[in-house]
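Input: a single structure, listed below in structure tokens.
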Amino acid sequence: MPRLIVLNDNTPSRGLINDWGWSILIEGRERFLFDADTNPLVLAHNSKVLNVNLRNLDFAVLSHWHYDHYGGFEYIAELNPGIKFYAPPQGLALAMRWGFQPIAINFGGKIEEEVYTSGVIDGIEQAIGLETSSGLVVIVGCSHPGVDRMVEEVLKVSGYEKAYLVIGGFHSPPIHRLRNLARLSELIAPAHCSGDVAKAFIKRNYKEKYVDVKTGTILEI
């Protein structure tokens with residue numbers, strides 16, 4: 001059963017440290033990190049408290065080149081030298097200096113056995129889809145191009161009609177995007193930059209779909 005472990009979110013939890021950023025560890029057939037927060041000290045502390053190992057990862061994924069998503073990746077590369085690093089092409093020279101094996105993402109498609117990418121949308125950002133026995137889990141970073149649009153792209157490349165779960169930052173979206181998102185996914189887990197208004201709207205209007213997320217949240221899919 002795959003596990004999603006939120007190593008950092010803007011919302012804190014007792015015993016863990018946090019900052020403005022986003023990082024989630026996925027443990028399934030393969031173990032990989034999606035985004036790496038702002039501060040490696042946050043990742044190091046929280047992984048120790050949560051008793052998760054950040055070594056022996058199979059690969060890593062970066063949603064987009066904003067510091068609150070890539071700030072901890074140099075630390076991750078030190079723990080996992082030479083692993084594949086899927087990212088938008090702009091900063092791949094930096095990823096190579098860190099010690100990753102950088103792979104530029106431009107177009108959507110399957111990148112690993114159970115993982116799809118939306119491709120880089122608007123030249124900015126990618127989302128991924130993880131195949132599970134429950135359905136497709138879509139993981140986003142900040143959703144700058146629009147969270148519903150990113151989910152639609154992942155669904156298109158993966159062949160799924162609907163997502164089981166969408167989790168990550170929604171970038172304070174307008175209401176029409178949230179309504180469309182509710183049509184696209186069974187469960188919705190707003191985090192990071194989603195904003196209190198978006199969280200309240202989903203909780204009020206789609207209570208059966210809402211999943212609360214904060215630093216240290218562990219979801220078994």
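For the sequence shown, the UniProt record's numbering assigns the number 1 to the initial residue and increments by one for each residue that follows.
In this text, a Cβ means the ideal position worked out from N, Cα and C, and glycines have one as well.
Which residues bound the beta strand (DSSP E) around residue 43? Looking at the DSSP string, residue 43 is not in any beta strand (DSSP E); the run it does join, the alpha helix (DSSP H), is 40–49.
Taking the alpha-carbon positions, what's the residue 165 to residue 115 distance? Using only the alpha carbons, I get a separation of about 14 Å.
Taking C-alpha atoms, which residue in 178, 22, 132, 113 lies nearest to residue 63? Per the C-alpha coordinates, the member of 178, 22, 132, 113 positioned closest to residue 63 is 22.
With 16 other Cβ atoms within 10 Å as the buried cut-off, status of residue 133: When all chains shown are included, residue 133 counts as exposed.
Beta carbon of residue 130, beta carbon of residue 139: below 8 Å? In terms of Cβ geometry, residue 130 and residue 139 form a close pair [threshold 8 Å].
So what does DSSP say about residue 89, is it helix, strand or coil? DSSP places residue 89 in helix when its eight states are reduced to three.
Using only alpha-carbon positions, find the residue among 107, 179, 216, 192 that is nearest to residue 204. Relative to residue 204, the option among 107, 179, 216, 192 whose CA is nearest is 179.
Check residue 36 in the structure and name its three-state DSSP category. DSSP, read as helix, strand or coil, puts residue 36 in coil.
Is residue 61 close to chain D? Criterion is C-beta to C-beta, closer than 8 Å. Reference to chain D is not applicable here, since this structure consists of a single protein chain.
Residue environment, residue 10, which counts as buried when at least 16 other CB atoms sit within 10 Å: Classification for residue 10: buried.
Measuring CB atoms only, is the stretch 70–78 touching the stretch 30–40, in the sense that at least three cross pairs come out at less than 8 Å? Output reads yes: the stretch 30–40 touches the stretch 70–78.
Let me know the secondary structure DSSP gives residue 160 once reduced to three states. Collapsing the DSSP output to three states places residue 160 in coil.
Does the distance from the C-beta atom of residue 46 to that of residue 168 stay below 8 Å? The answer is no: Cβ separation not under 8 Å.
Determine the contact status of residue 187 and residue 211, defining contact as a CB-CB distance below 8 Å. Yes.
8 Å Cβ shell around residue 119 - same chain, five flanking residues per side excluded: Here the set comprises 105, 106, 107, 108, 109, 126, 153, 157.
Between the alpha carbons of residue 40 and residue 19, how many angstroms are there, rounded? One Cα belongs to residue 40, the other to residue 19, and the distance between them is close to 11 Å.
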